[in-house]
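Inspection log for the structure reproduced underneath, given as structure tokens.
Number of protein chains: 2
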Amino acid sequence: MTMRNKLTGSRRLDLGPNQGLIGKPKSRQALATPALVLDLGAFEHNVKTMARLCKQAGVGLRPHAKTHKSVEIARRQIAAGAVGISCATVREAAVLVEAGLPGVLLTTPIVGNIKLDIVFGLAKRSKDFMVVVDNLAGVAALERGGRKLNVLVDIDIGMTRTGVPDIAGAVALIRKVQASKLLKLAGVQAYSGMVQHIALPAEREKAYGGQLKHLQAVLQAASEELGYVPELVTGGGTGSFEIDRRAGLFTECQCGSYVFMDVEYENVQLLSTGPNPFRTALFVQCTVVSNNHPTSPTTDGGFKSFSMDGPVARLARGTSKDAVYQYFGDEFGKIPGEKLQLGAKVELVTPHCDPTVNMHDFYHCVRGNVLEDIWHVDARGSL
Amino acid sequence: MTMRNKLTGSRRLDLGPNQGLIGKPKSRQALATPALVLDLGAFEHNVKTMARLCKQAGVGLRPHAKTHKSVEIARRQIAAGAVGISCATVREAAVLVEAGLPGVLLTTPIVGNIKLDIVFGLAKRSKDFMVVVDNLAGVAALERGGRKLNVLVDIDIGMTRTGVPDIAGAVALIRKVQASKLLKLAGVQAYSGMVQHIALPAEREKAYGGQLKHLQAVLQAASEELGYVPELVTGGGTGSFEIDRRAGLFTECQCGSYVFMDVEYENVQLLSTGPNPFRTALFVQCTVVSNNHPTSPTTDGGFKSFSMDGPVARLARGTSKDAVYQYFGDEFGKIPGEKLQLGAKVELVTPHCDPTVNMHDFYHCVRGNVLEDIWHVDARGSL
């Protein structure tokens, strides 16, 4: 029997050591830590806001689950109007398809027989499951599954990571997928990750503008040479959303980080005018575990609680305003200059939300000071 | 019914997508990736070598499971002569105690009722389970469990992270634990993490020498003022092992990284004379997933497969000797200047083994080109 949370309706399985706190007064302050904390109010605002912005812009939203890796969050995005869910790994795809989510798009080209077999199994379970391909050999590999598979051609518009980089190559690959009796050409994908975090709108536009021109040229060539106008043109992120919306090339966007925000995105001016429309919703809560050096307390959050690829985590609760966090090994951090009680709690904005979430097993969902629910990070791991 | 692997005797539960490859020829080359790869020959050499070095030095070995987080590896360390297993988190302690491992020592002071209740439960299951304390309030918190608990006093010899920093404070805390009717004073702990990675033995000794003098002074004061000579003096790591052995203060050492080695430790000269006695045993295998830019192939290993706190991962297999890896986002890496086939495999030495292991779910245990077994990373997570 599946138990359900009375407050949020989510399924309740093994929810870790903090399960007993759900619904209790001041339970946010009683968490065993390090704990990923999701501010439900800010999260719900973000889900609703992006859905509204996409609707206003007349584009679909297929939010990227590489950010949250969570069935529960994907369900809420769909409930708010998302047309499907993007994902980056086979594990994410498997978790989302098996949970019954519609329109799952695996945005990474898949290589290797074991992963391909998993992908073929997912296509059997979900009719609107989609994968991408970025070279001719990949087409043959996908045909090996022997069943109708929805395929997008991945276009490299300047990131040089995955995708076909040249126009002729893109047209040739589109033609190849079109000609396949086993694959169904669903559209094209074009994602440029590195431009997302450029702080100022004008500079972001400068770096990204030429890339969008390349996408436009590919679409034009496909139209002229093949008479092909893709049903789906998918891509973009939280940073490029305003530009993508204006460019009018994409039929849908894959924004992911908007659900949580993080230190990196707090430093990005998302709109040319007006404040950022999204609120910081994700935190890591840590506890002071030693304060024998009274002006430099030691906490329990280090390299295992925060991804180290971005800026340092920002202290948001429990300290003076200008306190700065320092990592202090795998399991520890310190806060120089602060005088904190043993057992005191601090909360930090995640430096880069996606890989930080990947280190944790649970979202501790709070409203004010109450732990309202615990959700699983269902699809963590890199496989 | 528990299935067992015929080659290694380990338990077999859900072992992920590579399970079907176990025992097959050339299976190492067929892994779905990113995959943590453990070279069994090098690993077994390391386990045996550290056991022998400790025996020769007349000190016990309580290897630190914060490195491996694995029941199977802990069992092998015990089988090779370790007196017990150290661990850093409550989750690690729970996994190890519940698996029946002897002499589990939780090396971090525990704060907060939820974690303390778990600790009390573990003490009920294992008579030789031990925890540490570093302040007077901690003694009262541990007494709340209402049962005999083995406690070590944690001494800060210079790292300023946890532990009692001054001699008088250390003596007062030892006295307090001695006087407790509920706690059993098992000894003292002194660990200095930051000195472990100082590259040259002479410089390491210079930084660490004064710290060991402080430990000696604490032991002397405890002897003179309380007539107390601790049964256990535990601490030290892979980097400080030679110095600790010579100093004659420790009854046992908590070395952890020696089982795997990593880029950080490859850069440390462990012994004043002669080569490092340990072999690099741990790798992350990645696959080329896109090579449309032929001299800069894209792999599937990024911020989610390697901890970012240390140096960059070192390419050890599958490329030319001087190739240098670059991270390329959460799920990707690139290898500029290399021409690699789609699906080609590369293997990289982990930058910092402990937090890198924390990102993965399985050890893929290889001997030569055969995947011999898959072991769980049983106790990943920061809780």
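Residue numbers (my numbering), protein chains in the order written: chain E, 1 to 383; chain R, 1001 to 1383. Where is the CB? At the ideal position from N, CA and C, for every residue including glycine.
Query: Within chain E, the residues that R:E1331 reaches when beta carbons sit closer than 8 Å; Result: K66, A88, T89, T108, S382
Query: Straight-line Cα distance separating R:I1374 from R:M1359; Result: 16 Å
Query: Reduced DSSP category for E:A32 - H, G, I as helix; E, B as strand; rest coil; Result: coil
Query: E:R161: contacting residues in chain R (beta-carbon distance under 8 Å); Result: S1290, T1298, F1328, G1329, F1332, K1334
Query: Spatially closest choice to R:A1079 from R:K1066, R:V1090, R:R1062, R:T1067, by CA coordinates; Result: R:R1062
Query: Rounded Cβ spacing between E:K66 and E:D354 (contact assumed at less than 8 Å); Result: 6 Å
Query: Short CB-CB distance (under 8 Å) between E:I118 and chain R; Result: yes
Query: Simplified DSSP assignment, three categories, for E:M359; Result: coil
Query: Beta-carbon proximity list for E:V97, same chain, < 8 Å, skipping 5 on both sides; Result: V104, L122, R125, S126, F129
Query: Chain R contact residues for E:K304, given Cβ-Cβ distances below 7 Å; Result: P1355, N1358, S1382
Query: Contacts of R:S1307 in chain E (Cβ-Cβ under 8 Å); Result: F303, M308
Query: Short-range partners of chain R found in the region 273-285 of chain E, where Cβ spacing is below 8 Å; Result: none
Query: Within-8 Å CB hit, E:M1 to chain R; Result: Interpretation of E:M1 is limited by its pLDDT of 39, a score under 50 that renders its predicted location unreliable; the figure taken from the coordinates is listed afterwards. Not one chain R Cβ lies under 8 Å of E:M1.
Query: Cutoff 8 Å: R:I1114 Cβ touching any chain E Cβ; Result: yes
Query: Whole-Å CB distance - E:G235 paired with E:Q189, under 8 Å assumed; Result: 6 Å
Query: As assigned by DSSP and simplified to three states, the class of R:R1125; Result: helix
Query: Per-residue DSSP class, three states only, for E:Y327; Result: strand
Query: Proximal chain E residues relative to R:N1018, where beta-carbon distance stays under 8 Å; Result: I114
Query: Same chain only: Cβ atoms within 6 Å of E:N369, ignoring 5 sequence neighbours per side; Result: K26, R28
Query: Neighbour-count burial assignment, E:V366, 16 or more Cβ in a 10 Å radius; Result: buried
Query: Beta-carbon proximity check, R:T1251 vs R:L1232, cutoff 8 Å; Result: yes
Query: Residues within the region 179-200 of chain E neighbouring chain R, beta-carbon criterion of under 9 Å; Result: G193, M194
Query: Coil, strand or helix - E:T2 by DSSP; Result: Per-residue confidence for E:T2 stands at a pLDDT of 47, beneath the threshold of 50, marking its modelled position as unreliable; no derived number is given.
Query: Nearest-angstrom Cα separation, counted from E:E143 out to E:R175; Result: 15 Å
Query: Residue-level contact to chain E via CB, R:L1342, 8 Å cutoff; Result: yes
Query: Residue-level contact to chain R via CB, E:H293, 8 Å cutoff; Result: yes
Query: For R:R1147, three-class secondary structure by DSSP; Result: coil
Query: Distance between beta carbons of R:V1284 and R:F1306, contact taken as under 8 Å; Result: 6 Å
Query: Contact set between the region 1069-1085 of chain R and chain C, restricted to residues whose Cβ is under 7 Å from the partner; Result: The structure shown has no chain C; the protein chains it does contain are E and R.
Query: C-beta neighbour in chain E for R:P1311, strict 8 Å; Result: no
Query: Extent of the continuous beta strand (DSSP E) to which R:V1289 belongs; Result: 1282-1290
Query: Beta-carbon proximity list for E:T384, same chain, < 6 Å, skipping 5 on both sides; Result: A query on residue 384 of chain E cannot be resolved here, the shown segment of chain E reaching from 1 to 383 and no further.
Query: CB contact below 8 Å: R:D1244 versus chain E; Result: no
Query: Residue range of the beta strand (DSSP E) that includes E:G187; Result: 183-190
Query: Cα-Cα separation between E:L200 and E:G302, rounded to whole angstroms; Result: 30 Å
Query: Interface residues of the region 1121-1136 of chain R facing chain E [CB-CB below 9 Å]; Result: D1134, N1135
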